[in-house]
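A.B. asks: Under this note's numbering, read the sequence shown as residues 16 to 437, first letter to last.
Take a look at the following structure, please.
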Amino acid sequence: MKYTSIHINDRSYSLPLGPKAVICYDGMDPSYLADAAIRGVSPHLSAMAERGFYDSAHSAMPSFTNPNNVSIVCGAPPSLHGVSGNYWYDRATGEEVMMTDAGPLRAPTILAGLAEAGVKVAAVTAKDKLRKALAVGLTGAGLPGIAFSAEKASTCTLAEHGISGEEAQAGEPVPDQYSPELSLFVLDAGLRLLGSGRAQVLYLSLSDFVQHAHAPGAPESDAFIRAVDRRIGALLDAGAKVGIVADHGMTDLSLADGVPNILYLGDRLDARYGVGTTRVICPITDPFVRHHGALGGFVRVHILSGLDHGEVRDFLGSLPGVQHALLREEVCRRFDQPLEREGDVAVIANKGVALGTHQGAHALDDLAGARLRSHGSLAERDVPFLVSHPLNAAYRHKARTQQLYNYDIFDFLLNGTRREEG
């Protein structure tokens, strides 16, 4: 039986009639695109916006890398797939856990569904921390897909990644993890896979190193946007329909003199309730310390004693720099979070404020940029949503009448750009 669509996580997706590429342009705050478009830095992105479809969408919360990449490939929020951070506190074991594998994922991906239906699918990421989650049901014993990272391209194997290290590298050096070349490697790999016929659907997830280090309009930002834009043009020239979203935006979290504007919640809680009564978890934490020093705009507080949860919430909510302090059930309801991975109190910062644990616990000296630039709060929730080709009438109506999320991009690209019947 020949399938024409798949059904994944309560949505149907039409099988592609031609090549498709979804790009997660990591950290691409809408301000970068607006600045680049005004100054003519990104002609292909500007053409996509003018001839296809462009709007602002919401990211999943918290506005971090792992929850949003997984949301995009599942077409669903964290409450369904279970990945709500890069890092969390395991209530059962009392251990802090960094997501480096697929363990938390509890929903199938669109990528795996397409591959099972016979579509050639490849996922290429900048950072290996995402690769195992994206590869579930796509690569491994008896599975037909490809999934690898630029960071670990040289160690790829057919058994685990669906591609050899030699083919993944294609004679190119593996880029430094703190460089714009890491993202460009991803796009170049996607172009090779498309051109060789190894993939019909691509998921390409970039790194936000440049945006963490440089504001819109900086020479380094311009150079990176130009380089990405050229490769997007090459994908379009190769006949691909392209969808682009970001996993989160990016804002400056420093004071006027350049000093990071940090509210250390662990210190405040210790001073009020005593050391050891609470634990602050920064779910932005990942192996890339030079990006953000584990500082962002969303943290989870676990109460390890008999403290009244509502009183702790009220105390945290009263602190200057805090936009919201929400009890576990409320944050899950408002922001589609999985209950089992949520803290007792979730804290969301005001724009321009970073939330940390304890003074001296964050690697501020290692930051790549002169100023702290990061994400996680509602201020970084708005992201660009671009489709290279015009939408059909049903999806134009959907875009006008519903809140767009970045995890709608596969729906819009696979279903919304098909010709209308009749």
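Backbone N, C-alpha and C define an ideal beta-carbon position, used for all residues, glycine too.
1. So what's Lys256 in DSSP terms, helix, strand or just coil?
2. DSSP on Leu22, reduced to helix/strand/coil?
3. What three-state label does DSSP hand Gln418 in the structure shown?
4. On the DSSP letters alone, give me the boundaries of the beta strand (DSSP E) that Ala162 sits inside.
5. Is Thr266 helix, strand or coil by DSSP?
6. Specify the secondary structure class of Ser3 as computed by DSSP and reduced to three states.
7. If His96 and Arg121 are in contact, beta carbons under 8 Å, what's the gap, nearest whole angstrom?
8. Does Tyr47 come out as helix, strand or coil in the three-state DSSP assignment?
9. Taking the alpha carbon of Thr19 as the point to measure from, which residue in Gly128, Pro353 and Leu153 has its own alpha carbon closest?
10. Which two residues bound the contiguous alpha helix (DSSP H) that contains Gln226?
11. Mind checking which residues open and close the beta strand (DSSP E) that includes His339?
12. For Ser61, which three-state DSSP category applies?
13. Does the separation of the CB atoms of Ala364 and Leu370 fall below 7 Å?
14. Does the distance from the C-beta atom of Val398 to that of Ser61 stay below 7 Å?
15. Among Leu217, Asp282 and Glu355, which one has its Cα closest to the Cα of Thr372?
16. Around the C-beta of Leu173, are 16 or more other C-beta atoms found within 10 angstroms, so that it is buried, or is it exposed?
17. Using the C-alpha atoms, what's the distance from Cys89 back to Tyr422?
18. What is the DSSP secondary structure of Arg305, counted as helix, strand or coil?
19. Quick check on the DSSP output: the beta strand (DSSP E) that includes Asp70 runs from which residue to which?
20. Look at the alpha carbon of Gly210 and the alpha carbon of Ala253, and state the distance between them as a whole number of angstroms.
21. Any contact between the stretch 256-274 and the stretch 326-346? By contact I mean 3 or more CB pairs, one from each, below 8 Å.
22. Whether or not the stretch 198-217 and the stretch 237-250 are in contact is what I'm after, with contact meaning three or more pairs of Cβ atoms, one per stretch, closer than 8 Å; do they touch?
23. Could you check how far apart the C-beta atoms of Ala137 and Ala185 are, in whole angstroms? I think they sit under 8 Å.
24. Helix, strand or coil for Ile178? Go by DSSP, reduced to three states.
25. Residues in the same chain with beta-carbon distance under 6 Å from Glu196, minus the five sequence neighbours each way, listed in chain order, please.
26. Decide if Ile178 is buried, meaning its Cβ has at least 16 other Cβ atoms within 10 Å, or exposed.
C.D. replies: If we stick to the structure as given:
1. Along the sequence shown, one-based indexing puts residue 256 at 241. If DSSP states are grouped into helix, strand and coil, Lys256 belongs with the strands.
2. Translated into positions along the sequence shown, residue 22 becomes position 7. As written in the sequence, residue 22 is His, which differs from the Leu given in the question. His22: strand per DSSP, three-state reduction.
3. Within the sequence shown, numbered from 1, the residue matching residue 418 stands at position 403. Gln418: coil per DSSP, three-state reduction.
4. Translated into positions along the sequence shown, residue 162 becomes position 147. Unbroken beta strand (DSSP E) run through Ala162: Ile161 to Ser164.
5. On the sequence shown, position 251 is the one that residue 266 refers to. Three-state result, Thr266: strand.
6. Nothing can be reported for residue 3, as the shown portion of the chain is limited to 16 through 437.
7. Position 81 of the sequence shown, counted from the first residue, corresponds to residue 96. Position 106 of the sequence shown, counted from the first residue, corresponds to residue 121. That pair is a contact at about 6 Å.
8. Taking the first residue of the sequence shown as 1, we reach residue 47 at position 32. Reduced to three states, the DSSP call for Tyr47 is helix.
9. Numbered from 1 along the sequence shown, position 4 holds the residue referred to as residue 19. The option with the nearest alpha carbon to Thr19 is Gly128.
10. Looking up residue 226 in the sequence shown gives position 211. Note, Gln226: alpha helix (DSSP H), Phe224 to Ala228.
11. Position 324 of the sequence shown, counting from 1, holds the residue named residue 339. Val337 to Leu342 is the extent of the beta strand (DSSP E) around His339.
12. What you label residue 61 is simply residue 46 of the sequence shown in a count that begins at 1. Ser61 falls in the helix class under three-state DSSP.
13. Position 349 of the sequence shown holds residue 364. Position 355 of the sequence shown holds residue 370. Yes; because the gap between Cβ atoms is below 7 Å, this pair is in contact.
14. Sequence index remark: in the sequence shown, residue 398 carries index 383 (1-based). Sequence index remark: in the sequence shown, residue 61 carries index 46 (1-based). Their beta carbons are not under 7 Å apart, which means Val398 does not touch Ser61 by this criterion.
15. As a working mapping, residue 372 is identified with position 357 in the sequence shown. With distances taken between Cα atoms, Thr372 lies closest to Asp282.
16. Position 158 of the sequence shown, counted from the first residue, corresponds to residue 173. With fewer than 16 other Cβ atoms within 10 Å, it is exposed.
17. To locate residue 422, count along the sequence shown from 1; it is residue 407. To locate residue 89, count along the sequence shown from 1; it is residue 74. So the alpha carbons of these two residues sit roughly 7 Å apart.
18. Locating residue 305 in the sequence shown gives position 290, counting from the first residue. Summary for Arg305: the model assigns pLDDT 49, below 50, so the residue's position carries little reliability; its value from the coordinates is reported in the next sentence. Arg305: helix per DSSP, three-state reduction.
19. Within the sequence shown, the letter at position 55 stands for residue 70. Segment Phe68 to His73, the beta strand (DSSP E) holding Asp70.
20. Walking along the sequence shown from the start, residue 210 turns up at place 195. Walking along the sequence shown from the start, residue 253 turns up at place 238. Cα to Cα, the separation comes out at about 8 Å.
21. no
22. yes
23. For the purposes of this step, residue 137 is taken as the residue at position 122 of the sequence shown. For the purposes of this step, residue 185 is taken as the residue at position 170 of the sequence shown. At roughly 13 Å, the Cβ-Cβ gap does not stay under 8 Å, so Ala137 and Ala185 are not in contact.
24. In the sequence shown, the residue the question calls residue 178 occupies position 163. Coil.
25. Counted from its first residue, the sequence shown places residue 196 at position 181. Cβ within range, chain order: Pro190.
26. The residue you call residue 178 lines up with position 163 of the sequence shown. Classification for Ile178: buried.
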